[in-house]
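Novice:
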Amino acid sequence: MTNEGDSYKLIIMNPKVEDTGKYTIEIGGISSTAFLQVDEPDPTYTFIKPLKKTLSGYTKHEVILECVVSNSLAIVSWWKGDQKLEDNDEFQTSKDLSGVCKLTIKNAKFEDAGKYMCKIEKQPDKTECDVNIIEYPYKFTKVLKSQQAVEKDTITLLCELDDATGDVKWFKNDQPFKGDKRISIVKEGRKRKIVIKDAKVTDAGNFKCVSNADETSCELIVKYSNRFNKKLKDTEAVEREKVVLEVELQDQTAEAVWSFNGTPIVPNDRIEIKNLGGGKHQLIFNKLEMEDDGEILCQSGELSSSCKLTVKKGESKPSIECPDEFNGPAGHPFVIEVPYKISGTRQTPIEAKLFKDGKALPAKEVEVVVQQEKVLFKMKKPTREGSGKYQIKLSNGQGEDSKDVTITMQSAPTPPQDVEVSEIFQTSCVVTWKVPQDDGGSPILKYVIERQDLSLKAGWDNVAEVAHGEPTKYKVEDLIAKKTYKFRIRAVNKIGSSEPGLFAKPVLAKDPWDEPSKPKNVELTDWDKDHADLKWQKPDNDGGAPITGYVIEYKEKFGKDWVQGKEVPGDCLEATQDGLKEGCTYEFRVRAINKAGPGEPSDSTKPIVAKCRFVKPFIIGEGLQNMIIKKGQVITYDIKYGGEPEPEVRWMHGEEEIRDDGERITID
């Protein structure tokens with residue numbers, strides 16, 4: 001920090017990103033604030049591997065200059081002298097993710113020599129290389145070979161360079177040699193050759209081929225007189241085949257002598273020697289044997305031609321190598337693969353057939369495809385009924401092989417048999433079944449138990465699965481009381497599921513017993529202001545299970561719901577219901593109970609009022625009063641009274657009872 005007079009300075013040398021922030025100066029209680037933002041510097045790249053100081057390359061070849069930068073993000077450019085290089089037909093540049101930078105000089109020329117440079121853009125960093133281009137030294141990898149030929153032959157003198165771009169010069173007897181219409185000089189890849197057609201004796205001599213760094217030579221001799229216009233060729237044949245070896249001599253009168261492994265060949269029933277005229281001679285093997293493998297020589301005077309006769313082992317008859325059993329889905333095409341072996345060299349076609357009950361299956365039932373090592377029998381319309389014993393026959397020119405096999409056309413099983421539902425209770429039942437009559441040709445994996453709730457009008461639900469080998473029995477334990485169900489069973493193998501085996505009868509989820517019928521003759525025997533006494537008789541039907549108790553139900557006369565009251569043992573036919581409210585009118589009924597639950601309620605009793613049943617008669621109010629009336633007036637007494645049961649009322653006049661005569665006296 002510095003100050004000059006009234007000027008104050010804060011100087012940050014070589015600022016860093018961490019110096020970013022808020023800066024404040026305070027002078028005499030007065031402050032001033034500034035914000036400083038320090039950015040990251042531009043990245044700096046370097047050459048971690050420079051170009052070689054000098055590099056030599058060959059003409060007509062690629063020359064590659066290579067250096068490495070510290071980061072693949074660095075942008076570089078290539079220069080030759082003061083000229084910036086771009087990708088074109090002569091140069092190609094590249095850079096990979098590792099920072100390796102390359103300049104490739106294609107098909108280099110002498111003019112490409114010079115100083116090359118790679119520079120990092122926006123930086124002074126660079127690397128240089130002096131490139132020198134020299135001529136490639138072409139060497140011979142295959143040299144010329146001396147030859148001996150006869151007039152009219154076509155002669156090829158062949159050598160080969162180590163690189164296809166090399167140029168050569170030909171010399172004959174140390175004189176430059178050029179071709180003509182009969183003699184061609186050929187450049188073919190790395191091969192360099194002279195082709196002499198219709199050779200002459202004058203074509204003989206010393207031939208030399210010279211490159212810029214190597215040479216090769218050979219001697220060519222061309223003879224006069226007889227020659228083989230057609231020579232023997234190495235021949236391969238198979239045992240038992242017919243083979244004809246033929247030569248053609250220039251001299252049509254010359255004799256041809258045949259030998260085998262140095263021993264003269266004597267004709268017999270199997271071997272023939274023929275002179276066809278015109279210089280053509282044949283050695284015929286009508287039926288080759290393995291012992292005929294060897295060297296065949298044909299001589300005519302000093303001339304000779306030989307070949308190697310190779311006799312391969314002939315084919316054997318087929319040998320079937322397939323399993324004894326095959327499985328496939330019924331109703332769908334499937335393929336039976338039958339591997340087979342034939343030793344030796346094959347000569348004749350394979351014929352394959354599939355038999356059942358001694359008859360070959362026709363093409364509409366099976367398609368036969370013969371392959372190199374196996375035969376495919378494509379079953380077009382397999383049926384379950386078609387399962388059984390079959391016979392496979394394979395044959396060729398050497399014989400036949402057969403094998404008996406079992407082919408099982410697999411399908412889903414038939415339905416499980418004898419489906420039964422037993423031990424039916426209100427929450428469970430037991431489903432049993434027997435195995436299907438036919439497992440479909442594939443082991444049964446499991447059984448699927450299905451259930452339908454008839455009250456829902458819905459589909460079938462999967463209840464359980466029972467593995468094959470387990471008992472064919474299952475207890476269903478989640479039934480809902482009083483609902484009706486149907487049950488069915490499916491058998492499943494690897495092909496699929498069978499049609500269901502159905503228990504035809506609907507199953508009602510209930511215990512083997514019912515609720516009792518209603519108790520009989522329920523009546524009130526007594527009551528009071530807080531209770532009522534009832535008695536009844538047993539129901540006509542106990543539902544198949546002993547009655548374990550009775551329950552009294554009651555409700556107020558105009559109430560909607562019955563209230564469960566006192567419960568008594570099954571041997572009790574009378575009870576007292578307590579807890580009544582005085583003055584309320586009640587009705588009563590009774591239910592019998594067994595282990596199926598409460599049965600149907602009895603008929604209701606007549607209503608009663610919860611009050612004392614026996615009350616001494618009494619008159620309400622003052623009763624009769626003395627009165628004076630005039631003759632002819634109506635006398636009316638209105639007397640209110642009470643008592644339980646209803647009191648008997650009589651009107652008296654003195655000692656005499658007053659009776660209603662319907663005219664002058666009425667009593668209500």
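Each residue of the sequence shown is one higher than the last, beginning at 1 in full-length UniProt numbering. Yeah, the Cβ is synthetic: ideal placement off N, Cα and C, and Gly gets one too.
Measure the beta-carbon distance from residue 309 to residue 292 and round it to whole angstroms, keeping in mind my assumption that it falls under 8 angstroms.
Specialist: Rounded, the Cβ-Cβ distance is 6 angstroms, consistent with contact.
Novice: The beta strand (DSSP E) spanning residue 669 covers which residue range?
Specialist: Coverage of the chain is limited to positions 1 through 668, which leaves residue 669 absent and any answer about it impossible.
Novice: If we ignore side chains and look at the alpha-carbon of each, how far apart do residue 162 and residue 218 end up?
Specialist: 19 angstroms
Novice: Are the CB atoms of residue 430 and residue 487 within a distance shorter than 7 angstroms?
Specialist: Contact: no.
Novice: Going by DSSP, what residues sit across from residue 420 in a beta bridge?
Specialist: 432
Novice: Does residue 425 come out as helix, strand or coil in the three-state DSSP assignment?
Specialist: coil
Novice: Do residue 600 and residue 517 have their CB atoms nearer than 7 angstroms?
Specialist: yes
Novice: Return yes when the Cβ of residue 361 is within less than 7 angstroms of the Cβ of residue 392, no when it is not.
Specialist: no
Novice: Is residue 512 closer than 7 angstroms to residue 484 when the C-beta atoms are compared?
Specialist: no
Novice: Would you call the CB atoms of residue 45 and residue 7 closer than 7 angstroms?
Specialist: no
Novice: Would you list the residues sitting across from residue 367 in a DSSP beta bridge?
Specialist: 378
Novice: In angstroms with no decimal places, state the Cα-to-Cα distance between residue 199 and residue 183.
Specialist: Each residue's CA atom was taken as its position, placing residue 199 and residue 183 some 9 angstroms apart.
Novice: If you count every other CB in all the chains shown that lies within 10 Å of the CB of residue 402, and 16 or more means buried, which is it?
Specialist: exposed
Novice: When you compare each of 222, 612, 566 and 211 to residue 202 by their alpha carbons, which one comes out closest?
Specialist: Looking at the Cα atoms, 222 is the closest of the given residues.
Novice: If we require 3 or more residues per run, which beta strand (DSSP E) segments fall completely within the stretch 612-647?
Specialist: DSSP runs (the beta strand (DSSP E)) wholly in the stretch 612-647: 615-620 and 640-644.
Novice: For residue 652, which of helix, strand or coil comes out of DSSP?
Specialist: strand
Novice: Residues bridged to residue 65 by DSSP?
Specialist: In the DSSP secondary-structure assignment, residue 65 is bridged to 103.
Novice: What number of angstroms, rounded off, separates the C-alpha of residue 510 from the C-alpha of residue 481?
Specialist: Whole-angstrom Cα-Cα distance: 6 angstroms.
Novice: Using the DSSP secondary-structure output, state which residues sit across from residue 527 in a beta bridge.
Specialist: 532
Novice: Alpha carbons only, please: which of 21, 313 and 359 is nearest the one belonging to residue 346?
Specialist: Per the C-alpha coordinates, the member of 21, 313 and 359 positioned closest to residue 346 is 313.
Novice: Taking one C-beta from the stretch 72-89 and one from the stretch 134-149 each time, how about it: are there three or more such pairs within less than 8 angstroms?
Specialist: With the rule of 3 Cβ pairs closer than 8 angstroms, the stretch 72-89 does not count as touching the stretch 134-149.
Novice: So what does DSSP say about residue 177, is it helix, strand or coil?
Specialist: coil
Novice: As a quick exercise: from 384, 99 and 458, pick the residue whose alpha carbon is nearest that of residue 438.
Specialist: 384
Novice: Excluding five sequence neighbours on each side, which residues of the same chain lie with their C-beta closer than 8 angstroms to the C-beta of residue 476?
Specialist: 428, 429, 430, 431, 449, 451, 463, 464 and 487
Novice: Helix, strand or coil for residue 404? Go by DSSP, reduced to three states.
Specialist: strand
Novice: Quick one, which of 605, 407, 158 and 235 has its alpha-carbon nearest residue 288's?
Specialist: 235
Novice: If residue 254 sits next to residue 301, beta carbons under 8 angstroms apart, how far is it from one beta carbon to the other, in whole angstroms?
Specialist: 7 angstroms
Novice: Quick check on DSSP: helix, strand or coil for residue 17?
Specialist: helix
Novice: Exposed or buried, residue 283, counting other C-beta atoms within 10 Å across all chains shown (16 or more means buried)?
Specialist: buried
Novice: Take residue 582 and list the residues in its own chain whose beta-carbon comes closer than 7 angstroms to its own, dropping the five residues that flank it on each side.
Specialist: 529, 530, 610 and 611
Novice: Apart from the five residues just before and just after residue 31, which ones in its own chain have a Cβ nearer than 7 angstroms to its Cβ?
Specialist: 24 and 25
Novice: Spatial neighbours of residue 413 within its chain, please: CB distance less than 7 angstroms, with the 5 preceding and 5 following residues excluded, ordered by chain position.
Specialist: 436, 438, 439, 440, 444, 491, 493 and 498
Novice: Could you tell me which whole beta strand (DSSP E) segments of length 3 or greater appear in the stretch 187-213?
Specialist: 191-196 and 205-210
Novice: Closest to residue 455 by C-alpha separation, out of 469, 467 and 479, would be which residue?
Specialist: 479
Novice: Would you call the stretch 258-271 and the stretch 359-379 touching, i.e. three or more CB-CB distances under 8 angstroms?
Specialist: The stretch 258-271, when compared against the stretch 359-379, does not touch it at the 8 angstroms Cβ threshold.
Novice: Identify whether residue 461 lies in helix, strand or coil by the three-state DSSP scheme.
Specialist: strand
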